[in-house]
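The structure appears below as structure tokens.
In this note's numbering, the protein residues as written are 778 to 844.
Here's what the structure looks like:
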């Protein structure tokens, strides 16, 4: 099997192409997972900010009602 290391061997070219496609698909899956995690994180941050702002708004409303 002298062809095994030959990059111009058709079988090696196809194996390389399959491996590159597999890696690309893995990267895309990883990218999709990261994007999904970012969306979840953004939603949590928005909820946290909303929860923190709510008491301040309630205090402002109460102050307006007291006047």
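Think of the CB as a built atom: it goes at the ideal place given N, C-alpha and C, for glycine as much as any other residue.
Given the structure is predicted, the values throughout are model-derived calculations rather than measurements.
Excluding the five sequence neighbours on either side, which residues of its own chain have a C-beta within less than 8 angstroms of the C-beta of residue i, listed in chain order?
{"i": "residue 795", "result": "none"}
{"i": "residue 790", "result": "784"}
Can you name, in chain order, every residue of its own chain whose Cβ lies under 7 angstroms from the Cβ of residue i, other than the five neighbours on each side?
{"i": "residue 805", "result": "none"}
{"i": "residue 811", "result": "none"}
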